[in-house]
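Undergrad:
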Amino acid sequence: MTLLGIDDYSMPKEFLNTQQLIEREGYDVETHDVTTEDGYILPLTRMVPKDVLPGPRPPVLLVHGVMATSDQWVLRGKDEDLAFLLTDHGFDVWLADARGNANGRRHKNMSPGDPRFWDFTFTESALYDLPAFVDLILNVTKAPRLGYVGHSMGTTMFFILASMRPEYNSKIFGSVHLAPVGPRYPMDKIPTFFMRLIFTRFDFLMDLAYSSEFMEIGARTPRFVSASYNWCNAPPPLSDMWLDIVGYIIGEHRENLDRKNRAIQLAHFPAGSSAKTLHHLAQVFSSGFRMFDYGPEKNLEKYNSTEPPEFPLNKITSSIFLVRGANDPWTTDQGVTHLKNNIPGWKKTQVVDDPKFSHVDFVIGMNTNETLYPDVIQFLKNELRNDSFLENSIS
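For the sequence shown, the working numbering gives the first residue as 885, with consecutive numbering after it.
1. Tell me where the alpha helix (DSSP H) around E1267 begins and ends.
2. Spell out a yes or no on whether the region 1058-1065 and the region 968-984 are touching, meaning 3 or more CB-CB pairs, one atom from each, closer than 8 Å.
3. Please report how far the alpha carbon of S1171 lies from the alpha carbon of H1222, in whole angstroms.
4. Measuring only the C-alpha atoms, how far is M1175 from I1101?
5. In angstroms with no decimal places, state the Cα-to-Cα distance between E1254 and H1035.
6. For M931, write down the residues that DSSP places opposite it in a beta bridge.
7. Reducing DSSP to helix, strand and coil, say where A1046 ends up.
8. Where do the ends of the alpha helix (DSSP H) carrying V1024 lie?
9. By DSSP, does K992 sit in helix, in strand, or in coil?
10. Give the single residue among P1228, K1265, V1024, P1258 whose Cα lies nearest to the Cα of F1043.
11. Please classify T1252 as buried or exposed, where buried requires at least 16 other C-beta atoms within 10 Å of its C-beta.
12. From Y1178 to M1250, what distance separates their C-alpha atoms?
13. What does DSSP give as the partner residue(s) for Q1234 in the beta ladder?
14. Cutting at 6 Å between CB atoms, please list the residues of its own chain near M885, excluding the five before and the five after it.
15. What residue from S1202, G984, E1194, R908 has the CA that sits closest to L926's CA?
16. Assign F899 to one of three DSSP states: helix, strand, or coil.
17. Going by other Cβ atoms of all chains shown within 10 Å of its Cβ, with 16 needed for buried, is N987 buried or exposed?
18. Would you give the residue range spanned by the beta strand (DSSP E) that P943 belongs to?
19. Could you spell out the range, first to last residue, of the alpha helix (DSSP H) harbouring L1165?
20. Relative to the alpha-carbon of T1216, which residue among M951, K992, G1066, T902 has its alpha-carbon at the smallest distance?
21. Could you tell me the distance, in whole angstroms, from the CA atom of S1203 to the CA atom of M1048?
22. Within the same chain, show all residues whose beta-carbon is closer than 6 Å to that of K962, passing over the 5 residues directly before and after it, in chain order.
23. Nearest CA to the CA of P942: which residue from V918, K934, V977?
24. Answer with buried or exposed for L887, where buried requires no fewer than 16 other C-beta atoms within 10 angstroms of its C-beta.
25. Less than 9 Å between the C-beta atoms of L1030 and V944, yes or no?
26. Taking the alpha carbon of I1056 as the reference point, which residue from T1190, P1196, L1206, P1028 has its own alpha carbon closest?
27. How far does the beta strand (DSSP E) with L970 in it reach, from first residue to last?
28. Mark T1190 as exposed unless 16 or more other C-beta atoms lie within 10 angstroms of its C-beta, in which case mark it buried.
29. Would you please verify whether the beta carbon of V944 is less than 9 Å from any beta carbon of chain D?
30. Over the uninterrupted beta strand (DSSP E) stretch that includes L1062, give me the two end residues.
31. Alpha carbon to alpha carbon, how far is L1256 from V950? Give it in angstroms, no decimals.
32. Quick one, are the C-beta atoms of D955 and N901 less than 9 Å apart?
33. Here's a check: name, in chain order, each residue in its chain whose Cβ is nearer than 8 Å to the Cβ of F1004, leaving out the five neighbours to either side.
34. Tell me the DSSP secondary structure of Q904 in three-state form.
35. Look at V1247 and G1209 and say whether their C-beta atoms are less than 9 Å apart.
36. Can you have a look at G939 and say buried or exposed, based on whether 16 or more other CB atoms are within 10 angstroms of its CB?
Structural data, given as structure tokens:
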């Protein structure tokens, strides 16, 4: 465990990491290095309020989306971001960083320059990273269970963990899934022809990538951060191009994106992942919520079947709250209904009351501290009250 501190609070947020962003808001930070069963060394960040309330603080784990890092939960500040609000409501907040992002590039035996380092998808993140995070948190806090909040791929990871390792359901008192990604989506729901083409031709693109050992995608580099800072602080129309890019890929809702923070948001995303992760995501969209498809011959070797097996959603018994945006092309009504109908632990589904609410609005959209996060916090508090071991831990 490491306690961190920073001296230069005047440095632009674009250049600060998760821990520095938290400390800048007046909170203390612990960092724990977590080693997974397969050797990845990942940071787990714990937020510690300056003024600790009396009594136990129920732990909650927040898990980021694809090609993001833990900093997605703390970019805007203590009055707006979910991580700060949960902390202020008496929760013990922990922020995860999955393998392969800008913070998760360490391994006991491999470097990021080794193609084997990138031989993973969100399945390995779910089956190795998440158990390591959950077990460490419960060991440190001595709590019997924890809460979970995932965004995008962070929801996918939970569905895989809770279905493939169902014993972890008993370690979760409740989970909230913002923009849940898992079941099959019709290709006509993908927002643009260009994106549909990429996902339907991803096998061909990945063959090219693998043959050239192009295994990492979307890496965050100092040069990219500096370029983002300069680009977004340039005068229009250059500075507004990021809105066109965001809208093109993940749904148009520029009225809900805080323009004054655009450089901060772009400097922190994308933050890297494996190309194989996006390959698996493309397979999910086209073929369903299944394990990675290696082709009939290798599937037979790995799965004893020519087709990759589906993830058994019917084994998820912990309490589930699903939240989607009406304008989110990656989380359709069809997909959320599939989750609701197949997960025994489903408790609640909510559509954000804004017809333009899209995929990234869950973490960087304006006014989520008023329109969305109170419902997230209330659900977790309600599940605590239903837990005989934890019901007295929070008001």
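We treat Cβ as the ideally placed atom computed from N, Cα and C, and that holds for glycine.
TA: By the coordinates alone:
1. Residue numbering aside, residue 1267 sits at position 383 when the sequence shown is read from its first letter. That run of the alpha helix (DSSP H) goes 1257-1269.
2. no
3. Here residue 1171 corresponds to residue number 287 of the sequence shown, with the count starting at 1. Here residue 1222 corresponds to residue number 338 of the sequence shown, with the count starting at 1. For S1171 and H1222, the distance between alpha carbons rounds to 14 Å.
4. Taking the sequence shown and counting its residues from 1, one reaches residue 1175 at position 291. Taking the sequence shown and counting its residues from 1, one reaches residue 1101 at position 217. Looking at the two C-alpha atoms, the distance is approximately 21 Å.
5. For the purposes of this step, residue 1254 is taken as residue 370 along the sequence shown, with counting starting at 1. For the purposes of this step, residue 1035 is taken as residue 151 along the sequence shown, with counting starting at 1. Cα-Cα distance, rounded: 18 Å.
6. If you number the sequence shown from 1, residue 931 lands on position 47. Answer is V913, bridged to M931.
7. Walking along the sequence shown from the start, residue 1046 turns up at place 162. Three-state result, A1046: helix.
8. In the sequence shown, the residue the question calls residue 1024 occupies position 140. Element bounds for V1024: 1014-1025.
9. Here the question's residue 992 lines up with position 108 in the sequence shown. The answer is coil: DSSP assigns K992 none of H, G, I, E or B.
10. Taking the sequence shown and counting its residues from 1, the one referred to as residue 1043 is at position 159. For F1043, the nearest C-alpha among the options comes from P1228.
11. Position 368 of the sequence shown, counted from the start, is the residue given in the question as residue 1252. Buried is the call here.
12. The residue you call residue 1178 lines up with position 294 of the sequence shown. The residue you call residue 1250 lines up with position 366 of the sequence shown. Near 41 Å, if we compare the C-alpha coordinates of M1250 and Y1178.
13. Here residue 1234 refers to the residue found at position 350 of the sequence shown. Partner(s): V1207.
14. In the sequence shown, the residue the question calls residue 885 occupies position 1. Note on M885: pLDDT 48, under 50, position unreliable in the model; no value is reported.
15. The sequence position of residue 926 within the sequence shown is 42, counting from 1. Selected option, being the one with the closest Cα: G984.
16. Residue numbering aside, residue 899 sits at position 15 when the sequence shown is read from its first letter. Here F899 sits in helix by DSSP.
17. Indexing the sequence shown from 1 puts residue 987 at position 103. N987 should be labelled buried.
18. Position 59 of the sequence shown, counted from the first residue, corresponds to residue 943. Run containing P943: 943-947, per the beta strand (DSSP E) assignment.
19. Translated into the one-based positions of the sequence shown, residue 1165 becomes position 281. Counting along the chain, the alpha helix (DSSP H) containing L1165 begins and ends at 1159-1171.
20. One-based indexing of the sequence shown puts residue 1216 at position 332. Of the listed residues, the one whose Cα sits closest to T1216 is G1066.
21. In the sequence shown, the residue the question calls residue 1203 occupies position 319. In the sequence shown, the residue the question calls residue 1048 occupies position 164. Roughly 16 Å between the two C-alpha positions.
22. If you number the sequence shown from 1, residue 962 lands on position 78. Cβ within range, chain order: E909, F968.
23. Taking the first residue of the sequence shown as 1, we reach residue 942 at position 58. Looking at the Cα atoms, V977 is the closest of the given residues.
24. Here residue 887 refers to the residue found at position 3 when the sequence shown is read from its first residue. Because L887 carries a pLDDT of 44, less than 50, the predicted location of this residue cannot be relied on, and no value is offered for it.
25. Start at 1 with the first residue of the sequence shown, and residue 1030 comes out as number 146. Start at 1 with the first residue of the sequence shown, and residue 944 comes out as number 60. Yes. Within cutoff.
26. The residue labelled residue 1056 in the question sits at position 172 within the sequence shown. Nearest of T1190, P1196, L1206, P1028 to I1056, Cα basis: P1028.
27. Position 86 of the sequence shown, counting from 1, holds the residue named residue 970. First-last for L970: 966-972, but that is the alpha helix (DSSP H), not the beta strand (DSSP E).
28. Position 306 of the sequence shown holds residue 1190. That one is exposed.
29. Protein chain content of the structure displayed is limited to a single chain, and chain D is not contained in it.
30. Along the sequence shown, one-based indexing puts residue 1062 at 178. Its beta strand (DSSP E) spans residues 1056-1062.
31. Your numbering for residue 950 matches position 66 in the sequence shown. Your numbering for residue 1256 matches position 372 in the sequence shown. C-alpha separation (whole angstroms): 21 Å.
32. As a first step, residue 955 must be located in the sequence shown, where it is residue number 71. As a first step, residue 901 must be located in the sequence shown, where it is residue number 17. Yes; because the gap between Cβ atoms is below 9 Å, this pair is in contact.
33. Along the sequence shown, one-based indexing puts residue 1004 at 120. Answer for F1004: R983, G984, S1158, K1160, T1161, listed in chain order.
34. Residue mapping note: residue 904 aligns to position 20 of the sequence shown, counting from 1. Three-state DSSP puts Q904 in a helix.
35. To locate residue 1247, count along the sequence shown from 1; it is residue 363. To locate residue 1209, count along the sequence shown from 1; it is residue 325. Against a cut-off of 9 Å, the Cβ pair of G1209 and V1247 comes out as no contact.
36. As a first step, residue 939 is located in the sequence shown; it is residue number 55 there, counting from the start. It counts as exposed.
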